[in-house]
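The sequence shown runs 22 to 346 under my numbering.
Glycine residues also receive a C-beta, built at the ideal position from the N, C-alpha and C atoms.
The structure displayed is predicted, hence computed values, not measured ones.
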Amino acid sequence: MKVLITGGAGFLGQRLARKLLARGYLTGRDDMRRDITQLTLIDMVAAPDFGDARVQVITGDIAEEAMLRQVIDRDTDSIFHLAAVVSGQAEADFDLGMRINLDASRSLLDVCRACGHQPKVIFTSSVAVYGGRLPVVVQDSTALNPQSSYGTQKAMSELLLNDYSRRGFVDGRVLRLPTISVRPGKPNQAASSFASGIIREPLGGEAAVCPVSPSLRLWLLSPRAAIDALIAGHEIAAAALHGSRTINLPGVSVTVGEMVAALTAVAGPAPAALISFVANPAVERIVNSWPGAWDSTRAIALGLRGDDSFESIVRAYMEEELGIL
Ligand SMILES: NC(=O)c1ccc[n+]([C@@H]2O[C@H](COP(=O)([O-])OP(=O)(O)OC[C@H]3O[C@@H](n4cnc5c(N)ncnc54)[C@H](O)[C@@H]3O)[C@@H](O)[C@H]2O)c1
22 MKVLITGGAG FLGQRLARKL LARGYLTGRD DMRRDITQLT LIDMVAAPDF
72 GDARVQVITG DIAEEAMLRQ VIDRDTDSIF HLAAVVSGQA EADFDLGMRI
122 NLDASRSLLD VCRACGHQPK VIFTSSVAVY GGRLPVVVQD STALNPQSSY
172 GTQKAMSELL LNDYSRRGFV DGRVLRLPTI SVRPGKPNQA ASSFASGIIR
222 EPLGGEAAVC PVSPSLRLWL LSPRAAIDAL IAGHEIAAAA LHGSRTINLP
272 GVSVTVGEMV AALTAVAGPA PAALISFVAN PAVERIVNSW PGAWDSTRAI
322 ALGLRGDDSF ESIVRAYMEE ELGIL
């Protein structure tokens with residue numbers, strides 16, 4: 022089968038590609054197990070060489086419909102639509118966010134519709150679709166009330182994916198991801214960048230500035246569990262998704278203070294001493310609007326899993342990314 026990942030050079034895109042190549046198969050549109058014969062990665066920046074003949078790397082802009090028509094045809098069985106500009110960037114540049122996070126999503130769905138073969142489309146949404154006065158634990162029925170352009174663009178794309186699925190144009194699955202932590206590498210422009218930075222930088226011996234208060238509660242998922250959930254979300258039988266194509270993924274609910282305590286429990290007191298708290302109202306305004314937990318009963322019933330605790334997330338980061346522990 023032929024699989025496409027948009028944003029295939031990104032953080033989750035590269036990890037998903039590696040996992041799919043190692044696994045070698047997915048459930049096809051006919052509900053049969055199919056070997057992955059081609060994995061196309063499209064991104065604005067070139068994805069690395071995976072050294073695998075099944076991989077096709079395309080560098081291009083998914084906001085150009087011609088580019089989407091080049092990578093999607095009637096043989097494209099599954100699309101993991103990950104390409105996006107992150108929350109801070111979409112807030113700083115309204116037009117860019119609309120173009121990539123909304124217009125390109127609609128174009129992608131329209132190109133699928135024109136092909137007429139109902140491919141599976143897995144779309145990564147976010148905690149940012151919620152906002153305003155929220156219950157302590159957000160329910161599936163809680164109204165979407167995004168407080169950022171990014172969250173608004175994700176919410177609109179979610180609705181489109183649901184309707185294009187209802188109309189039979191695609192077989193869509195919206196997976197609402199908690200904030201991913203611990204993300205390796207450099208800080209990015211996501212408002213939630215600190216949720217990785219306050220663990221990653223101190224473990225690398227560097228100082229970290231936390232822009233929010235220790236009492237802020239976050240809903241988090243490790244990169245490994247996120248990738249497992251994307252694949253598990255793909256594998257759910259369409260018949261099990263009756264009513265809604267949107268699934269709130271499991272996560273762990275922790276305050277920033279509890280994250281720092283988990284860091285100390287796993288790595289001792291030295292890393293946490295490198296964290297200082299300097300409020301950044303622009304970041305606080307966005308992340309304070311996000312839920313600190315949501316009910317993931319439906320996701321769990323559908324076979325999706327999160328992490329055991331934030332300590333286990335820190336441990337996994339140290340083992341997998343730093344090669345220690
Ligand atoms: N990481 C998180 O905490 C998190 C949380 C919730 C949702 N998500 C969503 O998951 C998805 C993947 O996130 P990520 O952390 O890997 O982000 P990322 O920024 O690392 O990857 C996104 C990729 O999309 C590419 N891209 C952007 N615009 C493009 C365009 N016009 N054409 C082609 N490629 C383009 C970027 O170059 C980048 O490589 C995104 O949709 C994001 O909104 C991520």
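The residues Thr61, Val92, Thr97 and Ile100, in chain order, have a CB closer than 6 angstroms to that of Leu25 in the same chain once the five nearest residues on each side in sequence are set aside. Within the same chain, Cβ atoms closer than 7 angstroms to the Cβ of Asn209 are found at Val107, the five residues on either side in sequence being excluded.
With 16 or more other Cβ atoms inside 10 Å of its own Cβ, Arg336 counts as buried. Leu346 is classed as exposed because its beta carbon has fewer than 16 other beta carbons within 10 Å across all chains shown. In this structure, Ile63 has its CB closer than 7 angstroms to one or more heavy atoms of ligand 1.
Between Gly172 and the set Asn183, Val157 and Gly152, the nearest pair of CA atoms involves Gly152. Remark: the shortest separation between the CB of Thr200 and any heavy atom of ligand 1 falls under 7 angstroms. Setting aside the 5 residues that flank it on each side, Gly272 is surrounded in the same chain by Pro199, Trp240, Leu241, Leu242 and Gly327, each with a C-beta closer than 6 angstroms to its C-beta; the list follows chain order. Ligand 1 approaches Arg204 closely enough that one of its heavy atoms is under 7 angstroms from the residue's Cβ. Here the stretch 278-287 does not lie against the stretch 111-121, with fewer than 3 beta-carbon pairs under 8 angstroms apart. His255: member of the alpha helix (DSSP H) spanning Pro244 to Glu256, first to last residue.
Taken in chain order, the whole beta strand (DSSP E) runs of length 3 or more contained in the stretch 155-203 are 192-198.
In this chain, the alpha helix (DSSP H) harbouring Lys40 covers Phe32 to Arg44. One Cα belongs to Gly206, the other to Val281, and the distance between them is close to 19 angstroms. Only buried fits Phe190, as 16 or more other CB atoms lie within 10 angstroms of its CB.
By the criterion of a C-beta distance shorter than 6 angstroms, Ser317 is surrounded in its chain by Asn269 and Pro271, once the five residues flanking it on both sides are discounted. Unbroken beta strand (DSSP E) stretches of 3 residues or longer found wholly inside the stretch 97-147: 97-102 and 141-147, given in chain order. Residue burial annotation: His263 is exposed, with fewer than 16 other C-beta atoms found within 10 angstroms of its C-beta.
Shown here for Leu224: same chain residues with a beta carbon closer than 7 angstroms to its own, the five before and five after excluded, namely Ala288, Pro292, Met339 and Leu343 in chain order.
The Cβ atoms of Ser297 and Ala253 do not sit closer than 8 angstroms to each other. For Ile79, the CB stays at least 7 angstroms from every heavy atom of ligand 1.
Checking the 7 angstroms criterion, the Cβ of Ala113 is out of range of every heavy atom belonging to ligand 1. CA-CA distance, Ile248 to Pro290, rounds to 31 angstroms. DSSP, reduced to helix, strand and coil, places Thr285 within a helical segment of the structure shown.
Not one heavy atom of ligand 1 sits closer than 7 angstroms to the Cβ of Thr267. With contacts defined as CB atoms closer than 8 angstroms, Thr27 and Ile63 qualify as a contacting pair.
DSSP places Leu60 in the strand class (E or B) of the three-state scheme.
Contact check for Leu130 and Leu182: beta-carbon distance about 7 angstroms, within the 8 angstroms limit, so the pair qualifies.
In chain order, Pro208 place their CB closer than 6 angstroms to the CB of Ser214, counting only its own chain and leaving out the 5 sequence neighbours on each side. In the DSSP assignment, Leu25 falls outside any alpha helix (DSSP H) and within the unbroken beta strand (DSSP E) covering Lys23 to Thr27. C-alpha of Glu256 to C-alpha of Ser217: approximately 29 angstroms in a straight line.
Under a 10 Å Cβ-count criterion, Thr80 is classified as exposed, with fewer than 16 other Cβ atoms of the shown protein chains found around its own Cβ.
Under the three-state reduction of DSSP output, Phe331 falls in the helix class.
In the three-state reduction of the DSSP assignment, Val92 falls in the helix class.
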